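Colleague: Next up is a structure, given as structure tokens.
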Amino acid sequence: MKKFYRITGLITTLSLILVACGNGDNGEQNSQATTQSSNDQEEVVNWVVGTELSSLDTSVLNQIDTSNVASHLQEGLYWEDKNNEVHPALAEDLPQISDDQLTYTIKVKKGAKWSNGDPITAHDFVYGIQRLVDPETGSGHAYLARPIENVPEIQAGEKSPEEVGFKALDDYTIEVHLTQPMPHLLNMLGYTPFYPLNKDFVKKQGEAFGTNSDTVISSGPYVIQDWDGTNQEWTLVKNDKYFNADKIDIEKIHTQVIKEVATGVNLFEAGEVDNAPISGELAQQYVDHPEAKSTPRGAVYFLNFNHKNNALQNHDLRLAIDYAIDNQTVVDQIIANRSQATASLVPKDIANNPKTGQEFVEDSDLDPRVSTDQAQSHWKKAQAELGDEVNLTLLVGDSEGTKRLAEYIQGQLQNNLPGLKVNINVQPGKSALEAKSKGNYDLALSGWVPGYASPSNLLELLQSDSDNNDSYYSNNEYDELVNKAINSIDDQERYDYELQANQLAYEDVAILPLYQSSDLELFNSRIKDLTERPVGNEYDFRTAHID
């Protein structure tokens, strides 16, 4: 899932890519959402996000704020609670799994409808997978489906998308054939790229599909209104065709994009919005506010190197840049929202050593590099090959926090590495994402929210053949380690390969992790039981109500 998820990158954008309930009757959602508001007025939330929507085409969207919205418009076979535990959603129940763990049989809930009244069937999920893995779609998330039978061959153009090992046995039965066990298959079947698609509707919309309110239909609890594809306000309205509509309490979610932290805080204080993300100086000012709320996330934010750039192919230059940036200063003074400095591409608390129980990042034992002397030493070595002066452009989104971080990095690099010139290229979030995906940058601030709790979901970003490798990093040893991890059926063996790959990415300075995010925001306490997740789509109003 690409996420510029809050710096510009599912991807996250720094304001930064890509869901189940009890059993057949959505018990988990039901149990949390049965409390009704004490008044009879329509329950409306006024919500703030940090960046505009990109495409709501779930096969290709790659930005976390957009994925969060899409997760309210659509429903997967499964749904994840606040602990990323899986529950049936449009699936009747958990699947039947063969003894070799290679065949899954899933019953689709009968009676569920699209917002246009069409029935939701197994064929909608099959078409969604076919379109996801079709190379003509160009999805950055197709790699997630590689363990499904025939996906590598389809991606290579050797087989047609219709040959994917994800079949409809009848209108309400799906059979999935794998080439290797997928421990996180059910989590992925609740994740944005695996949502159903109404083939007739998608074909009718053509290239316009997902670009505005009129070109989106919903399988989930809300429909979207008042979005023209470029504006900074829209409304999610309860979908009365949703199979579980009687358990959805929040009737409307008015959403607006606010990029200036102070503006959001002022609106919150005036009672005009129900949340306001805070960072920087205002975070320090409001951290003890009675309605300040800190939520740890699994998103890792980093500085991308474009390895196609001749200068950035120099290992000493990448090391010099790494040593010149103080990650702890970034989180303490620039971000200032309780995020944690990190040197690991893989975030904390998504994996543990099967043998020892040690947490993955602690097991990796990677410390952020920071040393002016080391920075200048490696810079001199780089200059011996590259010349005395090097010019680089840093691509960033246009949110206040992102620009502030970019200015800090620019200052650190130019002050500590004399002769290195860094120009900041600020673009609106969607434009920055597009530029980054096309490789039109030297350095870029971005981030990634793992779609499910596995180190490989992050490590695959740097594989040579990954559709999400817009750093253009290529290392045969790294590729081999990640492939061995992905293909291993032994938990300890997989973990060990992932640990080695994470270490190699650090040693090679393939990418420069800066921090693991924690969202600090002012949050109206009248909103109760909002589901918030450490990985995947970040928040979910299915379970929420207003007190």
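Reading the sequence shown from the start, the letters are residues -20 to -1, 1 to 527 in mature numbering (1 follows the signal peptide of the UniProt record, and there is no 0). Here a beta-carbon is modelled for each residue, glycine too, at the ideal position from N, C-alpha and C. Keep in mind it's a predicted model, so treat the numbers as computed, not measured.
#1: Within 10 Å of its beta-carbon, does Lys89 have 16 or more other beta-carbons around it, so buried, or fewer, so exposed?
#2: Taking Cβ to Cβ, would you say Leu375 is nearer than 9 Å to Ala300?
#3: Nearest to Ala331 by CA position, among Asn467, Asp471 and Asp208, is which residue?
#4: Looking only at C-alpha atoms, which of Phe248, Glu342, Leu283 and Arg277 sits nearest to Pro270?
#5: How long is the line joining the alpha carbons of Glu65 and Ser199, rounded to whole angstroms?
#6: Taking DSSP's pairing of strands, which residues face Tyr202 in a bridge?
#7: Report the option in Leu393, Asp114 and Asn455 whose CA atom is closest to the CA atom of Gln354.
#8: Using DSSP bridges, identify the partner residues of Gly427.
#9: Could you check how far apart the C-beta atoms of Asp104 and Asn178 are, in whole angstroms? I think they sit under 8 Å.
#10: Considering only C-alpha positions, which residue in the set Ser434, Asn455 and His234 is nearest to Ala465?
#11: Do you know offhand how far Val310's Cα is from Ser319's?
#12: From Gly381 to Leu82, what distance separates their C-alpha atoms?
#13: Considering only residues of the same chain and omitting the five flanking positions on each side of His358, which have a CB-CB separation below 8 Å?
#14: Are the Cβ atoms of residue 541 and Phe282 separated by less than 9 Å?
#15: Could you check if Ser444 is buried or exposed, using at least 16 other CB atoms within 10 Å of its CB as the buried criterion?
#16: Taking only runs of the beta strand (DSSP E) that begin and end inside the segment 88 to 170, which ones reach a length of at least 3 residues, in chain order?
#17: Of the residues Pro163, Leu57 and Trp94, which one's Cα is nearest the Cα of Lys87?
#18: Exposed or buried, which one is Ala13 when buried takes at least 16 other CB atoms within 10 Å?
#19: Among Ile314, Ala316, Val253 and Asn48, which residue has its Cα nearest to the Cα of Asp37?
#20: Using C-beta distances below 7 Å, list every residue in its chain close to Asp450, excluding the 5 sequence neighbours before and after it, in chain order.
#21: Distance check for Thr235 and Cys1, CA to CA, integer angstroms please.
#22: Closest to Pro430 by C-alpha separation, out of Glu460, Ser411, Gln407 and Asn517, would be which residue?
#23: I'd like to know whether the C-beta atoms of Val144 and Ile154 end up nearer to each other than 9 Å.
#24: Could you compute how far the alpha carbon of Ala524 sits from the alpha carbon of Asp345?
#25: Taking only runs of the alpha helix (DSSP H) that begin and end inside the segment 294 to 378, which ones reach a length of at least 4 residues, in chain order?
#26: Alpha carbon to alpha carbon, how far is Glu440 from Ser454?
#27: Within a Cβ cutoff of 7 Å, which residues of the same chain sit near Thr275, ignoring the five residues on either side of it in sequence?
#28: Which word fits Pro398, buried or exposed, when buried means at least 16 other C-beta atoms lie within 10 angstroms of its C-beta?
#29: Hey, quick one: how far does the alpha helix (DSSP H) through Ser51 stretch, first residue to last?
#30: Between the segment 401 to 414 and the segment 363 to 377, can you find at least three pairs of beta-carbon atoms closer than 8 Å?
#31: Could you round the C-beta distance between Val106 and Ala69 to whole angstroms and report it? I think they count as a contact, below 8 Å.
#32: With the cut-off set at 9 Å, would you say Phe503 and Lys273 are in Cβ contact?
#33: State the DSSP-derived secondary structure class of Lys232, mapped to helix, strand or coil.
#34: Out of Tyr477, Asn317, Asp447 and Leu494, point me to the one whose CA is closest to Thr117's CA.
#35: Can you tell me whether Gly97 is buried or exposed, with buried defined as 16 or more other CB within 10 angstroms of its CB?
#36: Residue range of the beta strand (DSSP E) that Ile466 falls in?
Modeller: Quick look at the numbers:
#1: buried
#2: no
#3: Asp471
#4: Phe248
#5: 21 Å
#6: Lys218
#7: Leu393
#8: Tyr281
#9: Right, their Cβ atoms sit about 6 Å apart.
#10: Ser434
#11: 9 Å
#12: 45 Å
#13: The answer, listed in chain order, is Asp296, Leu297, Leu299, Ala300 and Tyr303.
#14: In the structure displayed, the chain extends from -20 to 527; residue 541 sits before or after that span and is not available.
#15: exposed
#16: 146 to 150 and 153 to 157
#17: Nearest C-alpha to Lys87: Leu57.
#18: Summary for Ala13: the model assigns pLDDT 32, below 50, so the residue's position carries little reliability; its value from the coordinates is reported in the next sentence. Burial call: buried.
#19: Asn48
#20: Lys416, Ser417 and Gly419
#21: Below a pLDDT of 50, predicted positions are generally treated as unreliable, and Cys1, at 27, falls in that range; the measurement from the model is reported next regardless. So the two alpha carbons sit approximately 25 Å from each other.
#22: Asn517
#23: Contact flag unset, no.
#24: 39 Å
#25: 295 to 304, 340 to 344 and 352 to 366
#26: 12 Å
#27: Ser498, Asp499 and Glu512
#28: exposed
#29: First-last of the alpha helix (DSSP H) with Ser51: Ile44 to Leu53.
#30: yes
#31: The Cβ separation is near 17 Å, so there is no contact.
#32: Taking 9 Å as the Cβ cut-off, Phe503 and Lys273 qualify as a contacting pair.
#33: strand
#34: Asp447
#35: exposed
#36: Per DSSP, Ile466 lies in no beta strand (DSSP E); the unbroken alpha helix (DSSP H) holding it starts and ends at Asn456 to Asn467.
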